Structure formats: C-alpha cells, structure tokens
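Okay, structure first, notes after.
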Amino acid sequence: MDKKESKTWSAYQLAMNLGFMIVTPILVFGVGGVILDRKFTSFPLFTFIGFLLAMTSGLLVVYLKTKDIIIKK
Numbered sequence: 099m100d101k102k103e104s105k106t107w108s109a110y111q112l113a114m115n116l117g118f119m120i121v122t123p124i125l126v127f128g129v130g131g132v133i134l135d136r137k138f139t140s141f142p143l144f145t146f147i148g149f150l151l152a153m154t155s156g157l158l159v160v161y162l163k164t165k166d167i168i169i170k171k
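Number 110 in our numbering belongs to position 12 of the sequence shown; there are no gaps in the numbering.
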C-alpha cells in the first residue's frame with residue numbers, strides 16, 4: 099500500500115471513529131458533572147465544568163487524530 103492509499107484509509111478510519119471520539123468525553127465528563135452536582139447540590143457548576151472539559155478533550159482528540167492526515171510529513 100502506497101502513502102496516498104494509506105492516508106486515504108486513515109481518513110476513512112477517522113470518519114468511522116469520529117462519533118465515538120466526540121461522544122465518549124461528553125458521556126464521561128457530562129455524566130460525571132451531573133453526578134457531582136447531585137451529590138453536592140450545586141446544579142449548574144459541575145455540569146458546566148464537565149461540558150467545558152468534554153468539549154476541550156473532544157476537540158483535542160479529534161485534532162490529534164486528524165493531524166497526521168492534514169499535515170503532510
């Protein structure tokens with residue numbers, strides 16, 4: 099397999115896994131924030147922090163996975 103086919107296959111794999119890479123941090127941090135808010139009765143605080151962490155980590159994971167495809171070595 100040559101370099102062009104390899105990058106194309108990597109793009110297809112990324113597209114298939116993109117949903118999981120975005121949803122997993124949302125579930126972990128979002129649900130974690132809701133659980134902490136219920137435990138400490140501080141409703142929007144930990145949910146909001148969990149949402150920010152989920153967005154940041156989701157974008158970071160997507161960036162790191164796509165970096166090799168976008169930036170030519």
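Glycine included, every Cβ here is placed at the ideal spot set by N, Cα and C. In this text, all values refer to a predicted model and were calculated from it rather than measured experimentally.
*asked:* Does P123 pass the burial test, meaning 16 or more other C-beta atoms within 10 Å, or should it be called exposed?
replied: buried
*Flag this pair as yes or no: are the beta carbons of D135 and F141 separated by less than 8 Å?*
yes
*With M119 and V160 assumed to form a contact (beta carbons below 8 Å), what rounded beta-carbon distance in angstroms separates them?*
6 Å
*Residues near K163 by beta carbon distance below 7 Å, same chain, minus five either side*: L112, M119
*Identify which residue in T139, F149, A109 has its Cα closest to the Cα of L125.*
F149
*When we look at the beta-carbon of T145 and count the other beta-carbons within 10 Å, is it buried (16 or more) or exposed?*
buried
*asked:* Short of 7 Å in beta carbon distance, which residues of its chain neighbour V132, apart from the five on each side in sequence? Order them along the chain.
replied: T145
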